[in-house]
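S.K.: One rule links them: number in our numbering = place in the sequence shown (from 1) + 31.
Where a beta carbon is used, it is the ideal one built from N, C-alpha and C, also for glycine.
Note that the structure is a prediction, hence the values are computed from the model and not measured.
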Amino acid sequence: MIVTSWNQLHKDILNCTACPLHQGIRHKVAGQGDPNATVMIVGEGPGAQEDLKGIAFIGAAGELLTKMLTAIHIDRKDVYISNVIKCRPPNNRTPTMQECNQCLPFLRQQFALVRPQIMLLMGSTALKALLSPELTITKSRGKWVERKGIWMLPTYHPAALLRDPAKKIEAWHDMQLLESKLNELDSLI
Ligand code: SF4
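Shown next as structure tokens:
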């Protein structure tokens, strides 16, 4: 894979028409945060608020993510936040695996530029797109997977926690695992 620059990558995302999802959106949502972050967070795709503003993880789910990070002493500006897909699917439907695969090269480019040590995979789409379509979030969450020296931790998407607050107990456990791993890696975050 040829690693491009941030400027080129953002232009490529902006101009992309590789799948039908670009039709009818207001903004592409590339991602944002510390370009040298130790932790990269990957969600599913833009929702209504994100599509409106062009920023990843805002609205209620984004606020919850900020609180979850704060609870383990991570400032949101110190992580890099992105999604598997960069265009909002109609009516917030789950993106198909074909759409995910079409968009994944952009996430791979982001990964190559940030070079994080840890990836937090939030929700089923991120888990299936980045680890295996065979996995389920309920069985995989809270279990570290190490790939080529990168530590990946699947957990629930904040939107799922808003729909089912009972899952917050497990999500809190996962955030504590993330904090422990950061301490273990002697991160400077
Ligand atoms: Fe391109 Fe990704 Fe948008 Fe599809 S979702 S049009 S691949 S940027």
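1. Using only the alpha-carbon positions, how far apart do L135 and A102 sit?
2. Spell out a yes or no on whether the segment 123-131 and the segment 61-71 are touching, meaning 3 or more CB-CB pairs, one atom from each, closer than 8 Å.
3. What is the DSSP secondary structure of G64, reduced to helix, strand or coil?
4. Measuring CB to CB, does I86 end up less than 8 Å from V60?
5. Short of 8 Å in beta carbon distance, which residues of its chain neighbour S171, apart from the five on each side in sequence? Order them along the chain.
6. Which residue from L152, V110, E75, H104 puts its Cα closest to that of K117?
7. Go ahead and pull the three-state DSSP assignment for N214.
8. Give me every residue whose Cβ sits closer than 5 Å to any heavy atom of the ligand SF4, in chain order.
9. Looking at E130 and L52, is the spacing between their C-beta atoms short of 8 Å?
10. Among all the DSSP beta bridges, which residues are the ones paired with G74?
M.R.: Put simply:
1. For the purposes of this step, residue 135 is taken as the residue at position 104 of the sequence shown. For the purposes of this step, residue 102 is taken as the residue at position 71 of the sequence shown. Those two C-alpha atoms are separated by around 30 Å.
2. Proximity of the segment 123-131 to the segment 61-71 falls short of the contact definition, fewer than three beta-carbon pairs being nearer than 8 Å.
3. On the sequence shown, position 33 is the one that residue 64 refers to. Reduced to three states, the DSSP call for G64 is strand.
4. Stepping through the sequence shown from its first residue, residue 86 is reached at position 55. Stepping through the sequence shown from its first residue, residue 60 is reached at position 29. The answer is yes: Cβ separation under 8 Å.
5. On the sequence shown, residue 171 is found 140 positions in, with the first residue counted as 1. Once the five neighbours on either side are set aside, the close Cβ partners of S171 are L158, L162, P185.
6. Position 86 of the sequence shown, counted from the first residue, corresponds to residue 117. Nearest C-alpha to K117: E75.
7. Start at 1 with the first residue of the sequence shown, and residue 214 comes out as number 183. Helix at N214.
8. C47, A49, C50, L52, H53, I116, K117, C118, Q133, C134
9. Within the sequence shown, residue 52 is the residue found at index 21, counting from 1. Within the sequence shown, residue 130 is the residue found at index 99, counting from 1. Yes. Within cutoff.
10. As a first step, residue 74 must be located in the sequence shown, where it is residue number 43. Looking at the DSSP assignment, G74 forms a beta bridge with N114.
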